[in-house]
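Engineer: Numbering of the sequence shown is given in the numbering used here, commencing with residue 227 and proceeding in unit increments.
Quick one: structure below, then a few questions.
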Amino acid sequence: ERIDRVLARSDLDPTVRDRLLFVQDVRRFGEEAIGLEASRNYTTFCDIGRGPVSWQLTAAPKDRLQALVWTYPVVGPFPYRGYLDRGRAERDRAKLEAKGYDTYLRPVGAYSTLGWFKDPVLSTMLRYRDEDLAELILHELTHGTVWVAEDVAFNEGLATFVGQAGAIAFLESRHGRGAQQIQDALDRRADRRLFRAFMHEIAAELEATYASDDSFDAKMAGREGAFTRARKRFADLDLRTDMYSGFPSWKLNNAHLMAYRTYHLEIGVFEQVYEKAGRDLATAMAAFRSCEAARDPRGCLEAWAAGGD
Numbered sequence: 227e228r229i230d231r232v233l234a235r236s237d238l239d240p241t242v243r244d245r246l247l248f249v250q251d252v253r254r255f256g257e258e259a260i261g262l263e264a265s266r267n268y269t270t271f272c273d274i275g276r277g278p279v280s281w282q283l284t285a286a287p288k289d290r291l292q293a294l295v296w297t298y299p300v301v302g303p304f305p306y307r308g309y310l311d312r313g314r315a316e317r318d319r320a321k322l323e324a325k326g327y328d329t330y331l332r333p334v335g336a337y338s339t340l341g342w343f344k345d346p347v348l349s350t351m352l353r354y355r356d357e358d359l360a361e362l363i364l365h366e367l368t369h370g371t372v373w374v375a376e377d378v379a380f381n382e383g384l385a386t387f388v389g390q391a392g393a394i395a396f397l398e399s400r401h402g403r404g405a406q407q408i409q410d411a412l413d414r415r416a417d418r419r420l421f422r423a424f425m426h427e428i429a430a431e432l433e434a435t436y437a438s439d440d441s442f443d444a445k446m447a448g449r450e451g452a453f454t455r456a457r458k459r460f461a462d463l464d465l466r467t468d469m470y471s472g473f474p475s476w477k478l479n480n481a482h483l484m485a486y487r488t489y490h491l492e493i494g495v496f497e498q499v500y501e502k503a504g505r506d507l508a509t510a511m512a513a514f515r516s517c518e519a520a521r522d523p524r525g526c527l528e529a530w531a532a533g534g535d
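See below:
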């Protein structure tokens, strides 16, 4: 249902009203202050209950950090598969595990159809705190603005970066840079950067193990040792918040690491462009868009960050 019609209801829950108005403000900020593509996305509302809206399944061989790839009509290959039915997702996960794959199944809070359809605001989104809701909206709008065919890591890395940087910029525009809400958000951003580096260290150790000439059993023992050492090292991370406190109990495997890499591996080059742009997100977004059609989008952005044009 169109959000303007929902907002016109006299009996609308005040909390729902506030959150929908917040979404409209974020969407307007993304278009006007960042340069995200104006679209019909997030102009409608859909109540799906508690959700999630879908489930995402990632799989990988036990002795390689290489995600299983599914190929779809129109959008091409993706290193994950989405499901609206959790039962079907769990059955497919069981089949993959029976074939010897690592798997990771996680709930999904939102999606983008890349302009093919009018993506709605979902009731599940309204429970997010301001920072996370703004990040989610800007993340998905970025997908509708820049999309490099058959390069999921680039696309997700870009959307993750713009969502995170844009959410901070949006909150600063509302509350001012010195607000406690901004500091709390920056603390979570700092923890994400630190944890991202920590996860990459685990992946690097695993890649060295898998590249050896050891037997399969020896590699499996090596990877369990890497996971054990990682859980011990986690206690030494200088984290500011408790957002990763559950890490010691995570079921670590190659699929989990590959799912994490999909969204966090490629952020570095986007940060470089952002810094070269004087930390002006609109200027950085213009650079991102200018490299979308390049034969090598990463190389294009690296050249822009090095030379500024």
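Each residue gets a CB set at the ideal place from its N, CA and C atoms; glycine is no exception.
Does DSSP put Gln282 in a helix, a strand or coil?
Structural biologist: Strand, per DSSP.
Engineer: Taking the beta strand (DSSP E) that Arg307 belongs to, which residues open and close that run?
Structural biologist: Here the beta strand (DSSP E) through Arg307 covers Arg307 to Tyr309.
Engineer: Closest by CA to Tyr268, which one among Val252, Gly261 and Ser280?
Structural biologist: Measuring from the Cα of Tyr268, the nearest candidate turns out to be Val252.
Engineer: Take the Cβ of Ala315 as the centre, count every other Cβ of all protein chains shown within 10 Å, and call the residue buried at 16 or more, exposed below.
Structural biologist: When all chains shown are included, Ala315 counts as buried.
Engineer: Are Gln407 and Glu361 closer than 8 Å when you measure CB to CB?
Structural biologist: Taking 8 Å as the Cβ cut-off, Gln407 and Glu361 do not qualify as a contacting pair.
Engineer: Is it a yes or a no for the region 260-279 touching the region 378-386, going by three-plus beta-carbon pairs under 8 Å?
Structural biologist: Segments in contact, no.
Engineer: Pull the bridge partners of Trp530 from the DSSP assignment, please.
Structural biologist: DSSP lists no partner for Trp530.
Engineer: With Gly313 as the anchor, note down where its alpha helix (DSSP H) starts and where it stops.
Structural biologist: Gly313 -> alpha helix (DSSP H) spans Arg312 to Ala324.
Engineer: Are at least three pairs of beta-carbons, each pair with one atom in the region 479-486 and one in the region 364-376, less than 8 Å apart?
Structural biologist: No, the region 479-486 is not in contact with the region 364-376.
Engineer: Given a cut-off of 8 Å on the beta-carbon distance, is the pair Ile493 and Gly392 in contact?
Structural biologist: It is not a contact, given that the beta carbons lie outside the stated cut-off.
Engineer: Check Asp239 in the structure and name its three-state DSSP category.
Structural biologist: DSSP places Asp239 in coil when its eight states are reduced to three.
Engineer: In angstroms with no decimal places, state the Cα-to-Cα distance between Phe343 and Gly277.
Structural biologist: Distance between the alpha carbons of Phe343 and Gly277 is about 20 Å.
Engineer: For the beta strand (DSSP E) that Arg332 lies in, which residues bound it at each end?
Structural biologist: Note, Arg332: beta strand (DSSP E), Tyr327 to Val334.
Engineer: When you compare only the Cα positions, how much space is there between Arg332 and Ala481?
Structural biologist: The straight-line gap from Cα to Cα measures roughly 11 Å.
Engineer: Roughly how many angstroms lie between the CA atoms of Asp318 and Leu478, to the nearest whole one?
Structural biologist: Taking the straight line from one Cα to the other gives about 19 Å.
Engineer: One question on the structure: do Met351 and Arg414 come within less than 8 Å of each other, judged by their Cβ atoms?
Structural biologist: No; because the gap between Cβ atoms is not below 8 Å, this pair is not in contact.
Engineer: Give the secondary structure of Tyr354 by DSSP, where H, G and I count as helix, E and B as strand, and everything else as coil.
Structural biologist: In this structure, Tyr354 counts as coil in the three-state DSSP scheme.
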